[in-house]
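Protein chains in written order, with the working numbering: chain W, 1 to 133; chain G, 1001 to 1133; chain B, 2001 to 2133; chain F, 3001 to 3133.
Here's what the structure looks like:
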């Protein structure tokens, strides 16, 4: 399966009074990386809706924080799809620091289910499955 | 015209690596205060849509920052409507510190226009105007 | 052990284009509830630093999303401490909808470790342990 | 004076239940663009602090919203410095849509003052002034 790499910069907006990236913002970075990984496959978010009538909704998230990122750090987000189910896709996303020694900062596992535009669960279209495998 | 007061606490999520409230978050606090000021008048956001078919969209904002708020500070947001037009409402919102000597932190002026559910400008319903004056 | 309840309102700032609360924002709500649960015990965040020289840093998070919250919904966050270790505190936080039938929206488990002001791990002070048990 | 261009993508995290970019997030986009415009001149944020002992603090903001951006839109942020004072820098930042007809979405004017690490106002160092003019 494919692996997608994305660079993200840490701005003031991402940090907190502790001087580090606020823990919830890693989920925002991960959303950005998943969206770009789909775009690289030719699957934009509007296309998901117009072509397949579906969206992805997050159902479970596991985050493990190893080290902290700071203001102006550059992060590398490595995203892979670890499992594709009948109506779900599970991502493994690791966030590294590019500036110091490439430390692993945060490991994320996110399971998303396919839903229709009324947020009702629906099967992952076979054609879409082909595109993302 | 009425004056609405709302207390808000500063959490890590609101701050940045400078140790202060991130400047954009005052707009978030102001949105909260405007929503609660309407609720106090019996006008919930869903009611605006179901009863009048409108929402408010921000068109201009002026922010002046006087002092900084820090983690765990308690803020007082004082909201007044300074002008009601044919299709707009203008708010004056001042944010004070409650903990130290009541310093004025930030002054905001926000003009909102009434739009329908397709984001098209529309007149402010007379009945609604009555409710908020 | 104690149980802490906190009400939170959903504003535009908390929602996304799907019409629901953006998944990362539940972590923000949980931070607010943990901070208020400590305050109820007389432990403000500045007090943690000045009295004990420590802060809490998030190390692992598990989120399970059951249903979606929408604009203007009122949420109830129920927080309990499920485990206290030598240098860690683990919270269980459940987020319910108060408006409809009290649906469980999201279950969160968060492990925090005590760190000094340089972000180095340190033991949870016994006196503090007494206060939060 | 220089002009800096930056592209930004709109993700779910940036949008609200109205289906558009939440109004406060344009300030976040503008902060990103100012930081990158300084980096292009060789002035990273840590450098500002280590070399000159200063940071920039926002004092006034004026935002005018013309049109709305939506999920997955690509935005172009055009930043110019409109005024440099003894202890301040004023930016003009215009945000355009790249995807449709290049509509102007939002115009921002932001005045920042130079402060030392204790948030006390201080003069803009002459050497730095040379670098950003």
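Glycine included, C-beta positions come from ideal geometry on N, C-alpha and C.
Any chain F beta carbon closer than 7 Å to residue i
| i | result |
| --- | --- |
| residue 2097/B | no |
| residue 1065/G | yes |
| residue 86/W | no |
Sheet register partners of residue i (DSSP bridge)
| i | result |
| --- | --- |
| residue 2106/B | 2065/B and 2095/B |
| residue 2003/B | 2080/B |
| residue 56/W | 114/W |
| residue 88/W | 113/W |
| residue 3050/F | For residue 3050/F, which the question treats as bridged, DSSP gives no partner whatsoever. |
| residue 2020/B | 2070/B |
| residue 3010/F | Answer by DSSP bridge pairing: none, since residue 3010/F is not bridged. |
| residue 2015/B | 2021/B |
| residue 1121/G | 1115/G |
| residue 3075/F | 3008/F and 3097/F |
Contacting residues, own chain, Cβ-Cβ under 7 Å from residue i (five flanking each side not counted)
| i | result |
| --- | --- |
| residue 3037/F | 3004 and 3079 |
| residue 3060/F | 3111 |
| residue 2086/B | 2123 and 2124 |
| residue 3099/F | 3073 and 3074 |
| residue 2097/B | 2069, 2073, 2075, 2103 and 2105 |
| residue 2050/B | none |
For residue i, the nearest candidate out of the options (CA to CA)
| i | options | result |
| --- | --- | --- |
| residue 2126/B | 2025/B, 2048/B, 2019/B and 2075/B | 2048/B |
| residue 3077/F | 3031/F, 3128/F and 3070/F | 3031/F |
| residue 3103/F | 3085/F, 3093/F, 3066/F and 3110/F | 3066/F |
| residue 2022/B | 3019/F, 3026/F, 3018/F and 3013/F | 3013/F |
| residue 2093/B | 2019/B, 2026/B and 2020/B | 2026/B |
| residue 1002/G | 1082/G, 1097/G and 1123/G | 1082/G |
| residue 3073/F | 46/W, 34/W and 130/W | 46/W |
| residue 1075/G | 1088/G, 1044/G and 1033/G | 1033/G |
| residue 133/W | 50/W, 40/W, 7/W and 17/W | 40/W |
| residue 109/W | 2008/B, 2062/B, 2029/B and 2051/B | 2062/B |
| residue 1088/G | 1050/G, 1129/G and 1105/G | 1129/G |
| residue 1117/G | 1099/G, 1097/G, 1098/G and 1052/G | 1052/G |
| residue 3119/F | 1050/G, 1008/G, 1017/G and 1007/G | 1017/G |
| residue 2029/B | 8/W, 50/W and 24/W | 24/W |
Chain W contact for residue i (CB, 7 Å cutoff)
| i | result |
| --- | --- |
| residue 2023/B | yes |
| residue 1013/G | yes |
| residue 2007/B | no |
| residue 1127/G | no |
Chain B contact for residue i (CB, 7 Å cutoff)
| i | result |
| --- | --- |
| residue 1031/G | yes |
| residue 62/W | yes |
| residue 3123/F | no |
Nonlocal neighbours in the same chain, by C-beta distance under 6 Å from residue i, ignoring five residues either side
| i | result |
| --- | --- |
| residue 3056/F | 3112 |
| residue 107/W | 64 and 94 |
| residue 3090/F | 3082, 3083 and 3111 |
| residue 1006/G | 1033, 1036 and 1077 |
Closer than 7 Å to chain G by CB, residue i
| i | result |
| --- | --- |
| residue 2072/B | yes |
| residue 2034/B | no |
| residue 94/W | no |
| residue 69/W | no |
| residue 3027/F | yes |
| residue 57/W | no |
Close Cβ partners of residue i (< 8 Å) along its chain, the five nearest in sequence each way excluded
| i | result |
| --- | --- |
| residue 3115/F | 3054, 3055, 3056, 3057, 3121 and 3122 |
| residue 2070/B | 2010, 2015, 2019, 2020 and 2021 |
| residue 2035/B | 2045 |
| residue 1042/G | 1131 |
Under 8 Å, CB to CB, which of the residues in the segment 3040-3052 of chain F have a partner in chain W? Result list: 3044, 3045 and 3046.
In the segment 1096-1121 of chain G, which residues sit with their C-beta less than 7 Å from some C-beta in chain F, listed in chain order? Result list: 1119.
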